[in-house]
Amino acid sequence: MSSDRVIIFDTTLRDGEQSPGCSMNTAEKLEIAAALIELGVDVIEAGFPIASPGDFEAVQTIARQFGDRGPKICGLARCRDEDIDRAGAALAEAKNRRLHVFLATSSIHRQFKLKMEKPEIIQRAVESVARAKTFCDDIEFSPEDAARTELDFLTEVVEKAIEAGATTVNIPDTVGYATPSHYFKVISHLKNNVRNIDRAVISTHCHDDLGLGVANSLAALEAGARQVECTINGLGERAGNAALEEIVMALRTRQDYYHLTTGINTKRLCAVSRLVSKITGMIVQRNKAIVGQNAFAHEAGIHQHGMLQERTTYEIMRPEDVGFTGSNLVLGKHSGRHAFRDRIVNLGYDLDEKTFATIFDDFIALCDKKKNVYDADIAALVENRVVEAPDRWKLVSYHTSAGTGNIPMATVQLQEDGKPPVCDAAIGDGPVDAVFNALDRITGIDAKLQNYQVRSLTVGKEAQGEALVEIVAHDQVFHGKAASTDVIEASAHAYLRALNKAAASPHTGRPLHAQHE
Ligand code: MN
Numbered sequence: 007m008s009s010d011r012v013i014i015f016d017t018t019l020r021d022g023e024q025s026p027g028c029s030m031n032t033a034e035k036l037e038i039a040a041a042l043i044e045l046g047v048d049v050i051e052a053g054f055p056i057a058s059p060g061d062f063e064a065v066q067t068i069a070r071q072f073g074d075r076g077p078k079i080c081g082l083a084r085c086r087d088e089d090i091d092r093a094g095a096a097l098a099e100a101k102n103r104r105l106h107v108f109l110a111t112s113s114i115h116r117q118f119k120l121k122m123e124k125p126e127i128i129q130r131a132v133e134s135v136a137r138a139k140t141f142c143d144d145i146e147f148s149p150e151d152a153a154r155t156e157l158d159f160l161t162e163v164v165e166k167a168i169e170a171g172a173t174t175v176n177i178p179d180t181v182g183y184a185t186p187s188h189y190f191k192v193i194s195h196l197k198n199n200v201r202n203i204d205r206a207v208i209s210t211h212c213h214d215d216l217g218l219g220v221a222n223s224l225a226a227l228e229a230g231a232r233q234v235e236c237t238i239n240g241l242g243e244r245a246g247n248a249a250l251e252e253i254v255m256a257l258r259t260r261q262d263y264y265h266l267t268t269g270i271n272t273k274r275l276c277a278v279s280r281l282v283s284k285i286t287g288m289i290v291q292r293n294k295a296i297v298g299q300n301a302f303a304h305e306a307g308i309h310q311h312g313m314l315q316e317r318t319t320y321e322i323m324r325p326e327d328v329g330f331t332g333s334n335l336v337l338g339k340h341s342g343r344h345a346f347r348d349r350i351v352n353l354g355y356d357l358d359e360k361t362f363a364t365i366f367d368d369f370i371a372l373c374d375k376k377k378n379v380y381d382a383d384i385a386a387l388v389e390n391r392v393v394e395a396p397d398r399w400k401l402v403s404y405h406t407s408a409g410t411g412n413i414p415m416a417t418v419q420l421q422e423d424g425k426p427p428v429c430d431a432a433i434g435d436g437p438v439d440a441v442f443n444a445l446d447r448i449t450g451i452d453a454k455l456q457n458y459q460v461r462s463l464t465v466g467k468e469a470q471g472e473a474l475v476e477i478v479a480h481d482q483v484f485h486g487k488a489a490s491t492d493v494i495e496a497s498a499h500a501y502l503r504a505l506n507k508a509a510a511s512p513h514t515g516r517p518l519h520a521q522h523e
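The numbering of the sequence shown is the working numbering, which starts it at 7 and goes up by one.
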């Protein structure tokens with residue numbers, strides 16, 4: 007690769023999955039991996055094979071299905087023989103594969119976690135890189151907590167790892183401690199003092215504990231790093247990792263300054279962001295850079311005036327360059343089937359005829375309830391219908407009564423395939439709780455509501471409400487999401503969807519916690 011090309015290493019499926027409540031099953035990881043390939047990332051870190059049988063299976067399946075599609079498929083391992091062997095086995099079927107080994111090097115980690123002295127650390131790193139090399143040529147080595155490691159020791163470890171065969175040396179700011187000028191100095195020091203540095207690519211892995219993940223990554227690129235590890239929507243441990251979409255758009259928007267390029271198809275950024283949000287249940291904050299709902303909303307009159315004269319007065323990026331679909335007014339009742347199909351395709355969905363026909367009917371029904379239909383509404387219509395598991399129960403009808411001084415109550419009617427409808431009623435703390443209780447009674451599933459959120463999809467009083475539900479059943483986490491102009495109906499559908507998933511696949515939900523260290 008040329009010296010101005012930055013390698014985008016996506017770790018949404020590994021570090022991103024370590025976000026609290028964001029563990030994913032293999033099918034969900036495959037869906038994200040396919041989207042990352044379309045997005046154009048260079049490396050997909052698919053998981054940590056030794057962590058659990060589920061992690062191993064996910065890495066192996068991704069390696070098998072996508073290992074010859076372009077990006078390197080990467081598996082993570084500690085510097086231990088059994089870890090490395092397990093990662094090697096998981097990756098074996100990928101033509102394009104990378105093994106990533108890590109070992110902590112900072113004095114705090116050496117003293118308290120590893121209880122190892124410096125020479126032992128170096129020896130272990132060298133032996134592990136050499137062992138990994140027997141499984142593939144492309145080896146990445148990470149001195150964990152590098153940002154808090156003594157510079158002279160870091161220099162020595164990195165040099166020895168390259169000597170042993172590492173082709174990428176990743177310098178992680180594991181705990182989000184670095185600042186841009188500090189991190190610039192660390193990378194520059196390595197660039198100038200590691201004697202064999204020209205034989206490896208320098209990589210960054212920055213966490214956002216101080217809100218500096220992206221800034222630190224950019225500083226490292228300026229100092230000569232050519233790989234960035236990042237995640238969609240900035241998912242990851244604690245405050246998360248550097249956000250892929252922010253780094254990519256910073257490099258693209260400030261091409262005049264950095265003179266660096268990536269292989270990312272930026273028009274896919276919003277679609278991938280939506281997919282990751284849907285699968286993990288982690289809502290993207292409204293004012294999130296690049297992919298947030300307000301990212302391109304110009305509110306102040308003086309800004310709007312300027313925009314009308316010339317877009318670039320206040321706009322540094324065009325919404326269409328990131329596939330932004332926030333509040334673009336697109337369609338109304340008279341738009342017709344053809345225009346609707348165009349929008350669906352532009353939003354990145356690929357629907358069969360039958361599904362398309364159903365969603366078009368939903369669209370016409372929605373137009374009766376709300377005058378303006380935005381892209382975000384259309385995305386919700388598709389997501390309402392396209393579900394991973396076939397629904398065992400369908401909501402036929404519901405009724406609630408609630409108000410000051412009354413006990414909130416709900417009656418719900420569900421239909422199970424080929425059976426007569428079943429009706430039940432329940433009380434609750436409020437109408438939504440009452441509906442959930444009635445759904446529990448009919449389905450007989452012992453579910454615990456863990457998270458429940460409602461947000462407005464677009465603007466105005468008539469906007470659709472999107473409900474997001476996370477339940478725990480059979481010790482596993484299931485998500486449900488649905489949208490409607492009636493938030494109680496949206497909540498009922500979202501909750502029932504999560505119950506349906508729990509019923510359909512009692513053993514394939516997500517484990518309660520990611521199984522990583
Ligand atoms: Mn990390």
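Where is the CB? At the ideal position from N, CA and C, for every residue including glycine. Small disclaimer: the values here were computed from a predicted structure and weren't measured.
Between G76 and L105, the gap from beta carbon to beta carbon reaches 8 Å or more.
Of the residues assessed, Y263 falls on the exposed side of the cut-off, its CB having fewer than 16 other CB atoms within 10 angstroms. Between the ligand MN and G22, a heavy atom-to-CB distance of less than 7 Å is absent. Around the beta-carbon of E243, 16 or more other beta-carbon atoms lie within 10 Å, marking it buried. Exposed is the label assigned to D435, since fewer than 16 other Cβ atoms lie within 10 Å of its Cβ. Counting other Cβ atoms within 10 Å of its Cβ, C142 reaches 16 or more and is therefore classed as buried. By the neighbour-count criterion, in which a residue is buried when 16 or more other Cβ atoms sit within 10 angstroms of its Cβ, N412 is exposed. When rounded, the separation of the alpha-carbon atoms in L241 and S25 is 6 Å. Under the Cβ criterion (8 Å, minimum of three pairs), the stretch 137-157 counts as touching the stretch 109-117. Looking at the backbone, the Cα of H309 and that of E316 are separated by about 10 Å. For the pair of segments examined, the stretch 288-305 was found not to touch the stretch 338-355: the number of CB pairs separated by less than 8 Å stays below three. Remark: the shortest separation between the CB of G242 and any heavy atom of the ligand MN falls under 7 Å. Around the beta carbon of N506, 16 or more other beta carbons lie within 10 angstroms, which makes this residue buried.
Counting of Cβ neighbours within 10 angstroms places S497 among the buried residues, the total reaching 16 or more.
Residues A153, R154, D215, L216 of the same chain have their beta carbon placed closer than 8 Å to that of Y183, with the five preceding and five following residues left out of the count.
DSSP places C85 in the coil class of the three-state scheme, outside both helix and strand.
Looking at the DSSP output, C236 shares a beta bridge with D16. Within 7 Å of the C-beta of P178 there is at least one heavy atom belonging to the ligand MN.
Under the DSSP assignment, V428 falls in the beta strand (DSSP E) whose first and last residues are 428-433. Remark: C-beta atoms of V175 and H213 do not approach each other more closely than 8 Å. Here V493 carries a helix assignment [DSSP, helix/strand/coil].
Taken from the Cβ of H211, at least one heavy atom of the ligand MN lies inside 7 Å. Unbroken alpha helix (DSSP H) stretches of 4 residues or longer found wholly inside the stretch 12-85: 32-45, 59-72, given in chain order. Here the distance from the Cβ of N247 to the nearest heavy atom of the ligand MN is below 7 Å.
Counting only the Cα atoms, N293 lies some 28 Å from D48. Short of 6 Å from the beta carbon of T17, and not among the five residues preceding or following it, lie these beta carbons of its own chain, in chain order: E51, E235, T237.
For K166, the secondary structure class from DSSP, reduced to helix, strand or coil, is helix.
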